[in-house]
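Reading through the structure tokens given below for one structure.
Have a look at this one:
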């Protein structure tokens, strides 16, 4: 196999501890120069592939037997052979590609091709269970039907059909065959209608009528009418049937989004005249409680909301309720609500902090032990506790373990592939390979991979390794000083703190220069192109296109320019500046009444992402400064005493 041939070459080239070197740490991977000849041939092979895999290509390929990217060449050529490929041949390639993302990518390509050709036995020949992708599940059950397994096929069709949205088009042929032999019964149609209601898909509710009998059509009509106009539920003209109970429950659920108080009154009235299941009752109560917590007008009665939260013991609802009490400074309510949390939530630093804080406000005896224990933790709230006591911040960093020889072949294949992909300027493919390798190995080996990444200056990959293995105390892996010269230079230019800037980048991108968010933010500081263009104009700097945001120096400069602008706007208040960097200045303006102390304001911010962001960047700044031997303070005096 490719992996074994590759390992036989690198086993004593510094990749592993050679027998004579046990107890000492050799260079973890070959130098870039060691693969120079093979790399040049690989690049030549790629050119040859573009013009057809002729004799020169085959000659080059045969000389790359141990090169870790040769399998990529075989992947490309194998895709052209899918039409006549047998399951055994496909499995052979997949086995050779193990340890790389190419194995699963090839499997998907093979299955799609066989489905397109309707070669169903060949499709099933490489599977022992339904695939994960919905599209391929549709083909899988078509294959079962075509090969004489209708029971399996139609059970799969029913499961795939019962969703609150339009299913993948690949399922249409399967559904057509299923419908021809009976299709969904009333219970399944109703189940899908409720899912559509919950998914805010009124069109699907109307569509489902075509499969229903007369009585079910009437119930679907009523469900759709309530979906479109939830106030209809207030009439209360419903029978004591299970489906009408669902209409009541889902109608109240939707009415609560518009007016929790009206939903509460409607639920109370209908519960007296209709037999509702516990599940239906909980659906109504949960929706009324949730929307009452966010409602500026017309919530349900406060005493009822409080009683429901205490009864439900749902951490998510309790946390929303607690944040409202924190914003109001309702210290007795905070103490009461903390008791409704699960033990795991109560043990979180945030809620340990508010336990001590509220006890102090209520004068409930000595809290010294609570503050002392919390001050020993490495977190925003732990650092607040240390400030409260006037003690030093505790980082609780763990030193690297003694070097050991990882046994997993996946590590060494992954390391070699990552190095070569980076040299070939394919950072996204290198990132994909790295994450694939992390998922293939044991947790203990992920820490070793993090160490190897640091040694190779693959700093963002070290962060990935620490996160993948939950190696929270290895601060050297989690907080490397990558691009430090640039952060220092630009911080001096913008009159900012370099430690703050790298902390922002660490939170935004995990220090990965090629990061891109779902909304299009790019690079280390996760800048939107529109913001970057605006900042470039203010710097009188040319904007060289969105791709330039993947260049660390450009990204750091424009991100720092934006951060400086926010700092000027908020009079050097980092708390508000960071909240604005994450959520936007307009939201920060809406959230700021000028009446709350810092801790109450931060922990009652409406957006969970912004709460975590502000706290993380401030804590990361402390970590970076302390690890560098520089005096660190979580907050400035003005930030600590300001009202937000």
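Numbering (our numbering), first residue to last: 3 to 646.
Beta carbons are placed, not taken as given, at the ideal position from N, Cα and C, and that holds for glycine.
Residue 304 and residue 287 have their C-alpha atoms spaced approximately 13 angstroms apart. If you draw a straight line from the Cα of residue 349 to the Cα of residue 97, it comes to about 45 angstroms. Between residue 512 and residue 465, the C-beta spacing is below 7 angstroms. Rounded to the nearest whole angstrom, the C-alpha separation of residue 276 and residue 644 is 54 angstroms. Cβ atoms of residue 89 and residue 127 come within 8 angstroms of each other, at about 3 angstroms. At least 7 angstroms separates the beta-carbon of residue 218 from that of residue 187. Each residue's CA atom was taken as its position, placing residue 75 and residue 62 some 11 angstroms apart. Scanning 267, 483, 433, 488 for the CA closest to the CA of residue 102 turns up 433. Taking C-beta atoms as the reference points, residue 166 and residue 198 count as a pair closer than 7 angstroms. By the CB criterion at 7 angstroms, residue 563 and residue 584 fall outside the cutoff. Annotated three-state conformation of residue 529 is strand, per DSSP. For residue 254, the enclosing alpha helix (DSSP H) covers residues 244 to 260. Annotated three-state conformation of residue 299 is coil, per DSSP.
Short of 7 angstroms from the beta carbon of residue 245, and not among the five residues preceding or following it, lie these beta carbons of its own chain, in chain order: 192, 221. When 552, 92, 374 are compared, the shortest CA-CA separation from residue 519 is found for 552. Annotated three-state conformation of residue 524 is strand, per DSSP. Only buried fits residue 484, as 16 or more other CB atoms lie within 10 angstroms of its CB. Spanning the alpha carbons of residue 147 and residue 195 requires a straight line of approximately 27 angstroms. Here residue 448 carries a helix assignment [DSSP, helix/strand/coil]. Burial check for residue 398: the Cβ neighbour count within 10 Å stays below 16, so the residue is exposed. Counting only residues of its own chain and dropping the five nearest sequence neighbours on each side, residue 190 has a CB closer than 8 angstroms to the CB of 160, 163, 164. Only residues of its own chain outside the window of five on either side were considered, and among them 456, 461, 464, 465, 513 have a CB closer than 8 angstroms to the CB of residue 482, listed in chain order.
The continuous alpha helix (DSSP H) containing residue 620 extends over residues 610 to 629. For residue 518, the pairing in a beta bridge is given by DSSP as 524. Of the other Cβ atoms in all chains shown, fewer than 16 fall within 10 Å of the Cβ of residue 393; this residue is therefore exposed. Taking the C-beta atoms as reference points, residue 429 is found no nearer than 7 angstroms to residue 489.
With respect to the 7 angstroms criterion, residue 412 and residue 439 are classified as neighbours on the basis of their beta carbons. Relative to residue 337, the option among 366, 351, 318 whose CA is nearest is 366. It is roughly 9 angstroms from the alpha-carbon of residue 320 to the alpha-carbon of residue 314. The shortest CA-to-CA distance from residue 296 to any of 70, 51, 261 is the one to 261. The DSSP-derived three-state label of residue 91 is helix. Rounded to the nearest whole angstrom, the CA to CA distance from residue 510 to residue 143 is 42 angstroms.
Nearest C-alpha to residue 137 among 334, 175, 83, 130: 175.
Taking a contact to require three or more Cβ pairs closer than 8 angstroms, the stretch 536 to 554 and the stretch 573 to 581 do not qualify as touching. A Cβ-Cβ contact shorter than 7 angstroms links residue 352 with residue 383.
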